[in-house]
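Structure first, then comments.
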Amino acid sequence: MKKLRLALGILAAWSVAVLLGPGLLTSGLTPSSIHTPPQTAADAQHEIAVPPPPFSEDIYPCSACHADMEVNLERRELEDFHDDITLEHDEENRWCMDCHDAENRDILHSASGEPIAFEESYKLCGQCHGPKLRDWRAGIHGRRTGEWNGRKDYLLCAHCHNPHAPRFKSMKPEPAPEKPGKIK
Amino acid sequence: MSIKKTIGSTMKLNRRTFLKASAVASSTAALAACGSKSALDEFLQKNFRFMSKQEIGEVIQRLETQYAQQYGKEISVSAKEALPETFFGYALDISRCIGCRKCVYACVEENNQTQAPQMHWIQVLEMEKEKGIDFMDANLYYQHEEVPHEGHFYLPVQCQQCKNPPCVKSCPVNATWTTKDGIVVVDYNWCIGCRCCMAACPYGARHYNWGQVELDPETINPDTHYLGNRPRYKGAVEKCTFCIQRVREGRYPACVEVCPVGARKFGNLLDPDSEIRYILENKRVLILKEELNTQPKFYYFYGT
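Here the protein sequences come in this chain order: A and B.
Just so you know, we're using the working numbering here: the first sequence kicks off at 21 and counts up by one.
Just so you know, we're using the working numbering here: the second sequence kicks off at 906 and counts up by one.
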């Protein structure tokens, strides 16, 4: 009798688990809630608060010089100015005007010609680097400072990567630790 | 028979009471002779976990006075409890780390590690890409003009904040434990310096104070936590606490904020919207020495 009761109990528990298990899983944790990166009010409007873009000194606004200049859309090597910029960023297929706007020098533009402000340059980068943009929005790609449970400080792609040569530069390491033999 | 038993137990009790009383009396006398009331209080201090709020308050006050005298500046000691609904996890992107060791020194600065002899809570291991993760041939003492060095990758190792921590199990006096928010901490006053935990830790994450701790008053971090970065003692064991003094205030650990490539990520494992949960759910994640069943909350991942 006891054995029968035990067996029935196990059967009941098993059936409850089997019947309710998947229901519990799907009700609490839908795929969207698992995979969606943190959505703040600002993020929802595709606006992320970032520090000002890292312009070279006295170079912005670009229109200060370019306003009076004739637009030359011919792809060429720059000689008189900006010749310090070496493009190492898919340079075989692209040049200045693929990102910088010829009509309004103070902004960038997307591949489809939509204007993009320098403050939102991540939208431009994200056209090719979609997975990186997704990770960056989620706080996985790039450096975050601030609070783990609150306000986070984002950086633009261009704060760490030179947009003309984005490969991360190698750096001098801090000194190696002392070997244990030195402990007296 | 019953009379005999009564006499026996009374005698035993008397002897024991006598020894106890004399031991207390002599140690009290010795302490009173060589030190002040605070030395006696320190000697009689209980394990942090079993102190009442009032007792903790008294200890904190005593420590702050002592540190102020020692370092000639105000040093605050917090005993802030774990935030509700938090369980911390950490993730490190091996595909990003370039081995610059900035985290090592930011940690020293934040956590007041003694530098005589030198102590680093974070150890950055250089490994060959061809070999993969291989501790046998890892190099802690690499020194190149520039990093990353060709053909190599870097694996920073610090306390893995195990869910099943061998160090805690090995402590004979319960001076180390896991807090509610999942940080393995040490009560430096309760630690007897037996170093059992250091032998038990498979990650080399615990460090021993060989000498009298002397910190530079100029560079000391004055924002401390009792279980974290307050000045330690000779003979006490210490370790990474996820910067308990920062994370319980909602801030990121110092190593997370200093990393120039953003390889270090930190957050609340109980929050489904946290960065750490995003990594666990979307990236390829590994833990070190999984076969030991230590169940680290320190995850390594490939961000690319």
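By construction, the Cβ of each residue, glycine as well, lies at the ideal position given by its N, Cα and C atoms.
If you're wondering where the values come from, they're calculated on a predicted model, not measured in any experiment.
Open item on the list: Would residue 183 of chain A pass as an interface residue toward chain B - the criterion being a Cβ-Cβ separation below 8 Å?
Closed with: For residue 183 of chain A, no Cβ of chain B is located within less than 8 Å of the residue's own Cβ.
Open item on the list: Suppose the cutoff is 8 Å on Cβ atoms and the five residues either side in sequence are ignored; what does the same chain contact list for residue 1032 of chain B look like?
Closed with: These residues qualify, in order along the chain: 1038, 1039, 1042, 1043, 1044, 1057, 1058, 1059 and 1060.
TODO: Ignore the nearest five residues each way along the sequence and tell me which others in residue 1124 of chain B's own chain have a CB closer than 8 Å to its CB.
DONE: Contacts found: 1014.
Open item on the list: Under DSSP, the beta strand (DSSP E) around residue 1172 of chain B begins and ends at which residues?
Closed with: Annotation: the continuous beta strand (DSSP E) that includes residue 1172 of chain B extends over 1169 to 1173.
TODO: State buried or exposed for residue 102 of chain A, treating a residue as buried only when at least 16 other CB atoms are found within 10 Å of its CB.
DONE: That one is exposed.
Open item on the list: Quick check on this structure: which residue in B:920, B:1008, B:1067 and B:997 has the alpha carbon closest to the alpha carbon of residue 1194 of chain B?
Closed with: Selected option, being the one with the closest Cα: B:1067.
Task: Endpoints, the beta strand (DSSP E) within which residue 1060 of chain B is located - done: Boundaries of the beta strand (DSSP E) around residue 1060 of chain B: 1057 to 1062.
- [ ] Find the nearest neighbour of residue 1174 of chain B within the set B:977, B:1157 and B:1202, judged by alpha-carbon distance.
- [x] It is B:1202 whose Cα lies nearest to the Cα of residue 1174 of chain B.
Open item on the list: Within 10 Å of its beta-carbon, does residue 1131 of chain B have 16 or more other beta-carbons around it, so buried, or fewer, so exposed?
Closed with: Around the C-beta of residue 1131 of chain B, 16 or more other C-beta atoms lie within 10 Å, and the residue is accordingly described as buried.
Task: Bridge partners - residue 1128 of chain B, DSSP secondary structure assignment - done: For residue 1128 of chain B, which the question treats as bridged, DSSP gives the partners B:981.
- [ ] Examine the Cβ distances between the segment 163 to 178 of chain A and the segment 67 to 76 of chain A and report whether three or more of them are shorter than 8 Å.
- [x] These segments touch.
- [ ] Reducing DSSP to helix, strand and coil, say where residue 1011 of chain B ends up.
- [x] In the structure shown, residue 1011 of chain B falls within a helical segment according to DSSP collapsed to helix, strand and coil.
- [ ] Could you check the C-alpha separation between residue 941 of chain B and residue 931 of chain B for me, to the nearest Å?
- [x] Taking the straight line from one Cα to the other gives about 16 Å.
TODO: Determine the DSSP secondary structure at residue 1144 of chain B, reduced to helix, strand or coil.
DONE: Residue 1144 of chain B: strand per DSSP, three-state reduction.
- [ ] Take residue 194 of chain A and list the residues in its own chain whose beta-carbon comes closer than 7 Å to its own, dropping the five residues that flank it on each side.
- [x] Excluding positions up to five away in sequence, the list is empty.
Open item on the list: Less than 8 Å between CB atoms is the rule here; does residue 201 of chain A satisfy it with respect to chain B?
Closed with: At a cut-off of 8 Å between beta carbons, residue 201 of chain A makes no contact with chain B.
TODO: Tell me the start and end of each unbroken alpha helix (DSSP H) in the segment 139 to 203 of chain A that is at least 4 residues and wholly inside, in chain order.
DONE: You should have 141 to 145, 150 to 158 and 177 to 180.
Task: Alpha-carbon spacing of residue 1208 of chain B relative to residue 178 of chain A, whole angstroms - done: Between residue 1208 of chain B and residue 178 of chain A, the C-alpha separation is close to 19 Å.
Open item on the list: By the 7 Å beta-carbon criterion, what residues does the segment 167 to 179 of chain A contribute toward chain B?
Closed with: Taking 7 Å as the Cβ-Cβ cut-off against chain B, the residues of the segment 167 to 179 of chain A that qualify are 167, 168, 169 and 170.
TODO: Could you confirm whether any beta carbon from chain A is found closer than 8 Å to the beta carbon of residue 1098 of chain B?
DONE: Chain A places no beta carbon closer than 8 Å to that of residue 1098 of chain B, leaving this residue out of the contacts.
Task: the segment 1164 to 1174 of chain B in contact with the segment 996 to 1006 of chain B per 3-pair CB rule at 8 Å - done: The segment 1164 to 1174 of chain B and the segment 996 to 1006 of chain B touch, with no fewer than 3 CB-CB distances between them shorter than 8 Å.
Task: Close beta carbons around residue 1018 of chain B, own chain, < 6 Å, minus the five adjacent residues each side - done: Closer than 6 Å at Cβ, skipping near neighbours: 1024.
- [ ] Output, in chain order, the set of chain B residues within a Cβ distance shorter than 9 Å of residue 158 of chain A.
- [x] For residue 158 of chain A, the chain B residues whose C-beta falls within less than 9 Å of its own C-beta are 1180, 1183, 1184 and 1187, listed in chain order.
Task: Cβ neighbours of residue 53 of chain A in the same chain (closer than 6 Å, five flanking residues each side left out) - done: In this prediction, residue 53 of chain A has a pLDDT of 32, which is less than 50 and means its spatial position is unreliable; nothing more can be read from the coordinates.
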